Amino acid sequence: MSGSTPKLRREARLSGVQALYQMDVANAKSKQVIYEFLNHRFGYEGENGMVTADEKFFEELVEGVVREQDQIDAKLDAQLPDKWPLRRLDMTLRALLRAGVFEITQRPDVPALVIIDEYVAIASDFFSGKEPGMVNAVMDKIARAVRSAEFGLPLPASISVDPIEVSDDADTSTLIDDADS
Numbered sequence: 128m129s130g131s132t133p134k135l136r137r138e139a140r141l142s143g144v145q146a147l148y149q150m151d152v153a154n155a156k157s158k159q160v161i162y163e164f165l166n167h168r169f170g171y172e173g174e175n176g177m178v179t180a181d182e183k184f185f186e187e188l189v190e191g192v193v194r195e196q197d198q199i200d201a202k203l204d205a206q207l208p209d210k211w212p213l214r215r216l217d218m219t220l221r222a223l224l225r226a227g228v229f230e231i232t233q234r235p236d237v238p239a240l241v242i243i244d245e246y247v248a249i250a251s252d253f254f255s256g257k258e259p260g261m262v263n264a265v266m267d268k269i270a271r272a273v274r275s276a277e278f279g280l281p282l283p284a285s286i287s288v289d290p291i292e293v294s295d296d297a298d299t300s301t302l303i304d305d306a307d308s
């Protein structure tokens, strides 16, 4: 099934975190793990019924995290406390943060707050302590830096916007004045 409803995307995200975890634990290649999920997990009975997911979204998520991992890890390490670098985190938490940061940085079609909410919910499925709050805080900081416009914040100093030049000779007769309508 390759539809794209919120439930199918949620399952794709959860499966993506599980796949990234599996790759980390078993030192497996992404293609191998993706194949296993597509052919042996999706469409089969799970403990909560039939496991279905947005398969395309799942593949893009796993492949994207692998492709962008260096940049993702740099963003995460910059937000984590010095005494808790990414390499020290629980493998599940690390997989979850990598997937979430991939979406924040590479999926502008999905609102940042939706991404954060989804991964906090997934963190709550795995952890009962402070981890969901940490996921929220780290992803929120990264989202505000990367997608400042979504939060009504000014653009970061590293992004320059050239002003539009308008000459005094410009023909403004075709402009519509909203105040007159």
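Take any residue in the sequence shown, note its place counting from 1, add 127, and you have its number in the numbering used here. In this text, a Cβ means the ideal position worked out from N, Cα and C, and glycines have one as well. Quick caveat: nothing in here was measured; it's all calculated off a predicted structure.
Residue nearest to Glu-182 within the set Ala-272, Phe-164, Ile-199 and Gly-191 is Phe-164 (criterion: CA-CA distance). Shown here, Val-237 sits in coil according to DSSP, grouped into three states, outside any helix or strand.
Sequence-distant Cβ neighbours of Ser-251 in its own chain, meaning closer than 8 Å and more than five residues away, are Pro-259.
Linking Glu-195 to Pro-212 through their CA atoms gives a straight-line distance of about 18 Å. Per the coordinates, the alpha-carbon of Ala-139 lies some 14 Å from the alpha-carbon of Tyr-148. Taking a C-beta distance under 8 Å as the contact criterion, Thr-232 and Val-273 qualify as a contact pair. Asn-263 sits in a helix when the DSSP states are folded into three classes. Its chain contains Val-160 as the residues whose beta carbon lies nearer than 6 Å to that of Met-150, once the 5 sequence neighbours on both sides are disregarded; these appear in chain order. Annotation note: the stretch 165 to 231 contains the following uninterrupted alpha helix (DSSP H) runs of length 4 or greater, listed N- to C-terminal: 182 to 206. Annotation: the continuous alpha helix (DSSP H) that includes Arg-136 extends over 133 to 153. Taken through DSSP and simplified to helix, strand or coil, Arg-271 comes out as helix. The C-beta distance from Lys-202 to Val-228 rounds to 6 Å, short enough to meet the 8 Å contact threshold.
Counting the other Cβ atoms within 10 Å of the Cβ of Arg-214 gives fewer than 16, which makes it exposed. Around the Cβ of Ala-222, a 10 Å sphere holds 16 or more other Cβ atoms; the residue is buried.
When the Cα atoms are used, Glu-245 and Arg-137 turn out to be separated by approximately 7 Å. By the neighbour-count criterion, in which a residue is buried when 16 or more other Cβ atoms sit within 10 angstroms of its Cβ, Ala-226 is buried. With a cutoff of 8 Å on beta-carbon distance, Asp-204 and Ile-243 are scored as not near each other. Put simply, of Gly-170, Val-247, Ala-155 and Val-152 the residue whose alpha carbon is nearest the alpha carbon of Leu-135 is Gly-170. Per DSSP, the continuous alpha helix (DSSP H) segment holding Ser-157 begins and ends at 157 to 163.
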